[in-house]
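So the structure is just underneath, and the comments pick up after that.
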Amino acid sequence: MELLLWRWSTAVQLSSAVMIAVLFVALSRADPRAELRWWVRAWLANLAALTVTLAFWSWAPDHPSAWLQLVRAGYLATKTLFVMLLLQGAWALVRPGATLFSPRMLAGAFALLAVVGLVLPSLPLVGVIQHLIIAVLLTVGAVMLVRERDRGVAFLTAGFALRAVLAFAETAAYLSQLIARLPRDWGDTAGAFLSAASSVDTGAEWLIALGCVVGVAGRTQTELRQNNERLLAAQSDLRRLVDRDPLTGLDNRRGLPQLLRDAQPVGATVLFFDIDAFKRINDLHGHHVGDACLQQFAAALRDSFRPDDGVMRFGGDEFLVVAPGLDRVSAEERVERLRSRVDGADGQVPPFTFSVGTAELEPGGDPDAALQIADQRMYETKGKIPQ
Numbered sequence: 132m133e134l135l136l137w138r139w140s141t142a143v144q145l146s147s148a149v150m151i152a153v154l155f156v157a158l159s160r161a162d163p164r165a166e167l168r169w170w171v172r173a174w175l176a177n178l179a180a181l182t183v184t185l186a187f188w189s190w191a192p193d194h195p196s197a198w199l200q201l202v203r204a205g206y207l208a209t210k211t212l213f214v215m216l217l218l219q220g221a222w223a224l225v226r227p228g229a230t231l232f233s234p235r236m237l238a239g240a241f242a243l244l245a246v247v248g249l250v251l252p253s254l255p256l257v258g259v260i261q262h263l264i265i266a267v268l269l270t271v272g273a274v275m276l277v278r279e280r281d282r283g284v285a286f287l288t289a290g291f292a293l294r295a296v297l298a299f300a301e302t303a304a305y306l307s308q309l310i311a312r313l314p315r316d317w318g319d320t321a322g323a324f325l326s327a328a329s330s331v332d333t334g335a336e337w338l339i340a341l342g343c344v345v346g347v348a349g350r351t352q353t354e355l356r357q358n359n360e361r362l363l364a365a366q367s368d369l370r371r372l373v374d375r376d377p378l379t380g381l382d383n384r385r386g387l388p389q390l391l392r393d394a395q396p397v398g399a400t401v402l403f404f405d406i407d408a409f410k411r412i413n414d415l416h417g418h419h420v421g422d423a424c425l426q427q428f429a430a431a432l433r434d435s436f437r438p439d440d441g442v443m444r445f446g447g448d449e450f451l452v453v454a455p456g457l458d459r460v461s462a463e464e465r466v467e468r469l470r471s472r473v474d475g476a477d478g479q480v481p482p483f484t485f486s487v488g489t490a491e492l493e494p495g496g497d498p499d500a501a502l503q504i505a506d507q508r509m510y511e512t513k514g515k516i517p518q
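Going left to right, the sequence shown walks through residues 132 to 518 as my numbering numbers them.
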């Protein structure tokens, strides 16, 4: 009866392992992440271990001990590899690019446990060693995940912890079978528990599988959010570069339509500026000096108006200010402040003057008309109205 229970519980766990392995193979094909690749290998190793276990319980009564030793060696090696690969994937999830075990360590552990399985004299001793290894490794894995303080791996941490507790219990049960002085009832109870242990382990392994899937989903969501944030930041930087004049640091005329639309409901003063005889500055002193004049004028213009006023380089040596809610008198005061700043420059550029045209944009008025009037008045100030 106990042998039938062993076979049934192992078959249940094997069927479950097949479903989990298929799930992770499909996930890995859809999203070839490092942690999924490790977990595919882990669940395939678990599938191999359970296949070996089912073979053992199916053929144990009829096969010699040499064959059974090979089966034990295969189970001990593949089950340990399963746990190590689980931890490898979990570490890759919380620490992208990092690994716990090198390929050489994994291969060495596999070979060592296979040799140990060959020389162990009894099944209970195999059970003690195997489940103690599982318990210790998964306890370490659960502690590592807890220390990461990542809520996305909470299910995985719980799965590791539950499976570790079960492994400690199975270790104790196998150990009780090795202690001859224990009461017979204890041995019978331990045997019944171990016969059904595979079914209990199945629940813990499904919790681990769920934790893996939830962890990957959470990590993918986090990466998508971070990528979106980077894209939005890059888009903002690109828009800023496109809308910003690289020489003066002011906005360029691309933002003018939106600026006028924003100012239209409340009204604004529109001021058109032009540096006088700018071509002569370039001809006499060179374009680098002309650029310095533009930079100095832009800085003075920005400092002379309010932070909320729209200050931009319209093109060439022309600048534009849209000052929402600023009356004409206040605008003239700021223009005079600008003249004082330009006249009191540090002497690194030749003296220059500017002309300005002002127009009122009434609340709800026509922004284009106000802009045209300011432009016309600026040319009138310069004494060269275009024909």
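For each residue, glycine too, the CB sits at the ideal point set by N, CA and C.
Alpha-carbon to alpha-carbon, residue j and residue i
i      : j      : result
Ala161 : Arg350 : 15 angstroms
Gln144 : Ala152 : 12 angstroms
Leu378 : Gln426 : 7 angstroms
Ile260 : Arg172 : 22 angstroms
Val225 : Thr333 : 25 angstroms
Phe409 : Gln352 : 55 angstroms
Thr184 : Ala142 : 9 angstroms
Asp407 : Thr484 : 6 angstroms
Arg468 : Asp474 : 10 angstroms
Leu212 : Glu336 : 15 angstroms
Ala454 : Asp497 : 15 angstroms
Arg371 : Asp281 : 36 angstroms
Gly283 : Ala292 : 16 angstroms
Asp499 : Ala399 : 13 angstroms
Leu158 : Gly342 : 14 angstroms
Phe286 : Gly239 : 30 angstroms
Gly495 : Val345 : 55 angstroms
Pro517 : Asp405 : Confidence is the limiting factor: at Pro517 the pLDDT is only 45, short of 50, which leaves the residue's position unreliable, though a coordinate-based value still follows. Taking the straight line from one Cα to the other gives about 14 angstroms.
Gly205 : Gly248 : 7 angstroms
Val466 : Asp376 : 22 angstroms
For residue i, the three-state DSSP class (helix, strand or coil)
i      : result
Ile310 : coil
Thr379 : coil
Phe291 : helix
Thr302 : helix
Ala408 : coil
Val397 : coil
Phe187 : helix
Ser146 : helix
Phe232 : coil
Thr512 : helix
Residue-level contact to chain D via CB, residue i, 9 angstroms cutoff
i      : result
Leu287 : Within the model displayed, chain D is absent; a lone protein chain is all it includes.
Assigned exposure category for residue i - 16 Cβ within 10 Å defines buried
i      : result
Ala348 : exposed
Asn177 : buried
Thr255 : According to the sequence shown, residue 255 is Pro rather than Thr. Under this definition Pro255 is a buried residue.
Ala242 : exposed
Pro233 : Going by the sequence as given, residue 233 is Ser instead of Pro. Classification for Ser233: exposed.
Met150 : exposed
Val480 : buried
Met509 : buried
Ile310 : exposed
Gly514 : exposed
Ser307 : buried
Ala146 : Reading off the sequence shown, one finds Ser at residue 146, where the question assumed Ala. Counting Cβ neighbours within 10 Å, Ser146 comes out exposed, since fewer than 16 surround it.
Arg203 : buried
Met236 : exposed
Arg361 : exposed
Asp368 : exposed
Ala304 : buried
Glu511 : exposed
His262 : buried
Asp458 : exposed
Asp439 : exposed
Asp448 : buried
Whole-number beta carbon distance between residue j and residue i, since they are thought to touch under 8 angstroms
i      : j      : result
Gln219 : Leu231 : 5 angstroms
Val472 : Asp434 : Reading off the sequence shown, one finds Arg at residue 472, where the question assumed Val. Contact flag correct, Cβ pair sits at about 7 angstroms.
Asp382 : Asp393 : About 13 angstroms separates the two Cβ atoms, so there is no contact after all.
Val271 : Thr288 : 12 angstroms between Cβ atoms; not a contact.
Trp169 : Ala223 : 6 angstroms
Val538 : Gly456 : Nothing about residue 538 can be read from this structure; the chain reaches only from 132 to 518.
Phe403 : Ala501 : Wrong, their Cβ atoms sit about 10 angstroms apart, outside the cutoff.
Gly488 : Gln503 : Their Cβ separation, rounded to whole angstroms, is 10 angstroms, which puts Gly488 and Gln503 out of contact at 8 angstroms.
Arg384 : Phe445 : 5 angstroms
Leu269 : Ala298 : 7 angstroms
Trp339 : Leu217 : The identity of residue 339 in the sequence shown is Ile, whereas the question assumes Trp. Correct: roughly 7 angstroms between the Cβ atoms.
Leu432 : Val452 : 7 angstroms
> For the region 330 to 365, which segments carrying the alpha helix (DSSP H) assignment without a break, of at least 4 residues, lie completely within its bounds, in sequence order?
Replying inline: As far as the region 330 to 365 is concerned, it has no whole alpha helix (DSSP H) run of at least 4 residues.
> In the region 424 to 507, which residue ranges form an unbroken beta strand (DSSP E) of at least 3 residues, counting only runs that do not cross its ends?
Replying inline: Complete beta strand (DSSP E) runs here, min 3: 441 to 446, 449 to 455, 485 to 492.
>> List, from N- to C-terminal side, the alpha helix (DSSP H) runs of 4 residues or more that fit wholly inside the region 247 to 290.
In response: 254 to 279, all fully within the region 247 to 290.
> What are the uninterrupted segments assigned as beta strand (DSSP E) that are 3 or more residues long and contained completely in the region 149 to 178, given in chain order?
Replying inline: Here no run is fully enclosed.
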